[in-house]
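Peer 1: One structure, as structure tokens, below. Some questions next.
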């Protein structure tokens, strides 16, 4: 240890500009070299449109009383889908919060289960064997330690899988985030901490969440690198996540990614953001729409046009309609479901309670 | 067969199971090089390397939460939480995340994790180290609660816990770590969950207890015997699952019952035992069931802890009361 007689108070690091490859008009920035293939961009666009349409349908069903409270992803499609595309469903784990439906679908989780989950059906909680996703975690930040264990456990067993944890800037105030980033640093867990800074934790704005001006700049405090990215730029999100995944896979440990984005809809269907979101700010973010941005870029490359937008929308809407029809027709759970799956084997107490409840 | 202390039996169980099953890992604060603050894991890191016996940062929530992730990859974690009081720092991970994982995924993501933690008083620990919090965990459905009182049971129940497909919280009575020794077989054996242990047979009154309170109740039964009162003493061993049949039969035998535990009275596990007896054994009861517990006060400073924890004289007073009724 080198010592000094004069105190050196470290100032807060200057915020680093987020990585951006596509500007707000969908124009590739000078020197930007997208690592996504055309095929991946088209796959991502489809998932983004799918995610938005899934929420649109869910919202309409919720307003008809046919579906419960849910948290929509609108505005965050590039963050969610761009990061998911940087993972390999065969070996990586996705550990979601609750807005990441298209990421889970791309990873092999069925849209039907997500529809059932939103409809409050117990079967919506099931994760099919072999699908490397964790269930949504509505208890914020509690999922982040799980990702550390998943990554660490794979590494202990000689696998090269990576775990990606999704959470928001609000969750980054929770102890579980800090404990997780710290442990991942210590054990070099192959984890990507994917922080979606959507500016709002229900009604609490980003400024109240932390006095730190740059959340990614916290990473060195845990002994891991951090990076900021324009969360509405699909190409940039994919690129930084792919690098973080590659580092983790190569045994170099965890990365914190802060994706700057904006929650364009309400926190959940139970929320009213007109009480707290400044419409001018929202308008500014609307111009940065992640779906339109990648469509414009693909358009300049001759890979996209209005006709294709319409065709994709129709195709996706029909698919989602079918999913929700299937979910609505799903057999209703019976009361016995409450008594199943608390333990592998029923305890005498549960048997007694079941017999009394269902026997009468 | 050898006589060993409870802490040696606990270490022996982990050692044998880690040799038998390479999926089993051990993690916690100071469990590695030091061998645990009570030496429950002494020598295990040297034997199994720091990959399988992991010294973690001081952060209970991520210890528990990462154990859950580790379990999802097929490993079988044993987590040591240094003192039961510190489980409050990871209460959410234990009760909401780990304990209900099987239920919320419809059986697809069971969490095979054993949480070991020392608890209990009369060892003059600093504040926040001695609380008996079994009742808090009993409300956390999906978690099995194992509370051994002998070295034999500690080994057999710990082996059963590690192999159980569900999460188990394994309470280790601090006072018994080195004071309690008894015969422990070499090699593999398990003690099944949900089967109480009859410590002594008697006909006048049934004393129901578990873990740290067992020696107190045994001593009370001895003294009662000298006064010609024959106590039937049972150790529940596991609270979840509870041996309802065994408990009811033990109480029906005498028609009188006193329940003894170290945690506070209100909504303590004794209340659950008594509610069950009231529902299922009411017509066999000759007198109201009584309980001897800690008062509804926080665990006190060491100089007065012996007034807080049920002792033999309080147990005997309660027995006198139920015999008079």
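Residue numbers (my numbering), protein chains in the order written: chain A, 1 to 360; chain B, 1 to 325. Idealized CB from N, CA, C, for every residue including glycine. None of these values were measured; they are calculated from a predicted model.
(1) DSSP on residue 78 of chain B, reduced to helix/strand/coil?
(2) Starting from the C-beta of residue 4 of chain A, find all residues in its chain whose C-beta is less than 6 angstroms away, skip the five residues before and the five after it, and write them out in chain order.
(3) Are the region 348-359 of chain A and the region 156-172 of chain B touching, with three or more C-beta to C-beta distances below 8 angstroms?
(4) Flag residue 111 of chain A as yes if its beta-carbon sits less than 8 angstroms from any beta-carbon of chain B, otherwise no.
(5) Look at the alpha carbon of residue 53 of chain A and the alpha carbon of residue 293 of chain A, and state the distance between them as a whole number of angstroms.
(6) Pull the bridge partners of residue 205 of chain A from the DSSP assignment, please.
(7) I'd like to know whether the C-beta atoms of residue 194 of chain A and residue 165 of chain A end up nearer to each other than 8 angstroms.
(8) Tell me which residues of the region 266-294 of chain B have at least one Cβ-Cβ distance to chain A shorter than 7 angstroms, keeping chain order.
(9) Compare the C-beta of residue 244 of chain B with all C-beta atoms of chain A and state if any pair is closer than 8 angstroms.
(10) From what residue to what residue does the alpha helix (DSSP H) around residue 115 of chain A run?
(11) Distance, Cα to Cα, residue 242 of chain B vs residue 350 of chain A?
(12) Out of A/14, A/33, A/115, which has the shortest C-alpha to C-alpha gap to residue 320 of chain A?
(13) Residues of the region 115-135 of chain A in Cβ contact with chain B at a cutoff of 8 angstroms, in chain order, please.
(14) Which residues in chain A have a C-beta closer than 7 angstroms to the C-beta of residue 105 of chain B? List them in chain order.
(15) I want to verify the contact list: residues of chain B whose CB lies under 8 angstroms from the CB of residue 108 of chain A, in sequence order.
(16) Per DSSP, residue 260 of chain A is paired with what?
(17) When the distance is taken between beta carbons, is residue 123 of chain B closer than 8 angstroms to residue 175 of chain B?
(18) Report the residue from A/203, A/161, A/141, A/36 whose alpha carbon sits nearest the alpha carbon of residue 179 of chain A.
(19) Does the Cβ of residue 155 of chain A have 16 or more other Cβ atoms within 10 Å, making it buried, or fewer, making it exposed?
(20) Measuring CB atoms only, is the region 308-326 of chain A touching the region 257-276 of chain A, in the sense that at least three cross pairs come out at less than 8 angstroms?
(21) Here's a check: name, in chain order, each residue in its chain whose Cβ is nearer than 7 angstroms to the Cβ of residue 55 of chain A, leaving out the five neighbours to either side.
(22) With DSSP collapsed to three states, give me the class of residue 70 of chain A.
(23) How long is the line joining the alpha carbons of residue 331 of chain A and residue 299 of chain B, rounded to whole angstroms?
(24) What does DSSP give as the partner residue(s) for residue 232 of chain B in the beta ladder?
(25) Quick check: the Cα distance between residue 88 of chain A and residue 107 of chain A, rounded to an integer number of angstroms?
(26) On the DSSP bridge list, what partners appear for residue 197 of chain B?
(27) Give the residues of chain A in contact with residue 124 of chain B, contact being defined as C-beta atoms less than 8 angstroms apart.
(28) Within 10 Å of its beta-carbon, does residue 77 of chain A have 16 or more other beta-carbons around it, so buried, or fewer, so exposed?
(29) Taking Cβ positions only, does residue 141 of chain B come closer than 8 angstroms to chain A?
(30) How many Å lie between residue 103 of chain B and residue 117 of chain A at the Cα?
(31) With distances taken from CA atoms, which of A/338, A/188, A/276, A/258 is nearest residue 377 of chain A?
(32) Using a Cβ-Cβ cut-off of 6 angstroms (strictly less than) and excluding sequence neighbours within five positions of residue 7 of chain A, which residues of its own chain qualify?
(33) Under 7 angstroms Cβ-Cβ, which residues of chain A neighbour residue 237 of chain B?
(34) Can you tell me whether residue 198 of chain A is buried or exposed, with buried defined as 16 or more other CB within 10 angstroms of its CB?
(35) Quick one: grab the DSSP three-state call for residue 118 of chain B.
(36) Mapping DSSP to helix, strand and coil, what is residue 240 of chain A?
Peer 2: Considering the structure as presented:
(1) As a first step, residue 78 of chain B is located in the second chain; it is residue number 78 there, counting from the start. If DSSP states are grouped into helix, strand and coil, residue 78 of chain B belongs with the strands.
(2) Here residue 4 of chain A refers to the residue found at position 4 of the first chain. Contacts found: none.
(3) No: the two stretches stay apart, fewer than three of their Cβ pairs being nearer than 8 angstroms.
(4) Locating residue 111 of chain A in the first chain gives position 111, counting from the first residue. With 8 angstroms as the cut-off, residue 111 of chain A does not count as an interface residue toward chain B.
(5) Residue 53 of chain A sits at position 53 when you count from the first residue of the first chain. Residue 293 of chain A sits at position 293 when you count from the first residue of the first chain. A straight line joining the alpha-carbon of residue 53 of chain A with that of residue 293 of chain A spans about 17 angstroms.
(6) For the purposes of this step, residue 205 of chain A is taken as the residue at position 205 of the first chain. A/200, per the DSSP bridge assignment.
(7) Indexing the first chain from 1 puts residue 194 of chain A at position 194. Indexing the first chain from 1 puts residue 165 of chain A at position 165. Yes, the pair counts as a contact, with Cβ atoms nearer than the cut-off.
(8) Cβ contacts with chain A: none found.
(9) Against the second chain, residue 244 of chain B aligns to sequence position 244. Judged by the 8 angstroms Cβ criterion, residue 244 of chain B is in contact with chain A.
(10) Walking along the first chain from the start, residue 115 of chain A turns up at place 115. Where residue 115 of chain A is concerned, the enclosing alpha helix (DSSP H) stretches over 111-118.
(11) Your numbering for residue 242 of chain B matches position 242 in the second chain. Your numbering for residue 350 of chain A matches position 350 in the first chain. C-alpha separation (whole angstroms): 11 angstroms.
(12) For this step, residue 320 of chain A is matched to residue 320 along the first chain. Minimum Cα distance to residue 320 of chain A is reached at A/115.
(13) The region 115-135 of chain A vs chain B, Cβ under 8 angstroms: 122, 123, 125, 126, 127, 128, 129, 134, 135.
(14) Position 105 of the second chain, counted from the start, is the residue given in the question as residue 105 of chain B. Under the 7 angstroms cutoff, chain A gives 125, 126, 127, 135.
(15) The residue you call residue 108 of chain A lines up with position 108 of the first chain. Close partners of residue 108 of chain A in chain B (Cβ separation under 8 angstroms) are lacking, with about 13 angstroms as the shortest Cβ gap.
(16) As a position in the first chain, residue 260 of chain A is number 260, starting the count at 1. Within the DSSP secondary-structure output, residue 260 of chain A pairs in a beta bridge with A/197, A/230.
(17) Start at 1 with the first residue of the second chain, and residue 175 of chain B comes out as number 175. Start at 1 with the first residue of the second chain, and residue 123 of chain B comes out as number 123. Cβ atoms of residue 175 of chain B and residue 123 of chain B: closer than 8 angstroms.
(18) Position 179 of the first chain, counted from the first residue, corresponds to residue 179 of chain A. Residue 179 of chain A has its Cα closest to that of A/141, out of A/203, A/161, A/141, A/36.
(19) Taking the first residue of the first chain as position 1, residue 155 of chain A is located at position 155. Burial of residue 155 of chain A is indicated by the presence of at least 16 other C-beta atoms within 10 angstroms of its C-beta.
(20) Touching, no.
(21) Stepping through the first chain from its first residue, residue 55 of chain A is reached at position 55. For residue 55 of chain A, same chain residues with a beta-carbon under 7 angstroms away, outside a window of 5 residues either side, are 72, 73, 74 in chain order.
(22) Locating residue 70 of chain A in the first chain gives position 70, counting from the first residue. Shown here, residue 70 of chain A sits in coil according to DSSP, grouped into three states, outside any helix or strand.
(23) In the first chain, residue 331 of chain A corresponds to position 331, counting from 1. In the second chain, residue 299 of chain B corresponds to position 299, counting from 1. Rounded to the nearest angstrom, the two C-alpha atoms are 51 angstroms apart.
(24) Position 232 of the second chain, counted from the first residue, corresponds to residue 232 of chain B. Answer is B/206, bridged to residue 232 of chain B.
(25) Taking the first chain and counting its residues from 1, the one referred to as residue 88 of chain A is at position 88. Taking the first chain and counting its residues from 1, the one referred to as residue 107 of chain A is at position 107. Taking the straight line joining both Cα atoms gives about 8 angstroms.
(26) As a working note, residue 197 of chain B is residue 197 in the second chain. Partner(s): B/235.
(27) On the second chain, residue 124 of chain B is found 124 positions in, with the first residue counted as 1. Result: empty, since nearest Cβ-Cβ is about 30 angstroms, beyond 8 angstroms.
(28) Taking the first chain and counting its residues from 1, one reaches residue 77 of chain A at position 77. Of the other Cβ atoms in all chains shown, 16 or more fall within 10 Å of the Cβ of residue 77 of chain A; this residue is therefore buried.
(29) For the purposes of this step, residue 141 of chain B is identified with residue 141 of the second chain, where counting begins at 1. Yes, contact with chain A.
(30) Locating residue 103 of chain B in the second chain gives position 103, where the first residue counts as 1. Locating residue 117 of chain A in the first chain gives position 117, where the first residue counts as 1. Computed Cα separation, rounded: 14 angstroms.
(31) Past the edges of chain A, shown from 1 to 360, lies residue 377 of chain A, and the structure says nothing about it.
(32) Taking the first chain and counting its residues from 1, the one referred to as residue 7 of chain A is at position 7. If the five residues before and after residue 7 of chain A are omitted, its C-beta is found closer than 6 angstroms to no C-beta atom of its own chain.
(33) In the second chain, counting from the first residue as 1, residue 237 of chain B sits at position 237. Ordered by position in chain A, no residue passes the 7 angstroms Cβ test against residue 237 of chain B, which lies about 14 angstroms from the chain.
(34) Here residue 198 of chain A corresponds to residue number 198 of the first chain, with the count starting at 1. So residue 198 of chain A ends up on the buried side.
(35) The residue you call residue 118 of chain B lines up with position 118 of the second chain. Correct three-state label for residue 118 of chain B: strand.
(36) On the first chain, residue 240 of chain A is found 240 positions in, with the first residue counted as 1. Residue state, collapsed to three classes: helix.
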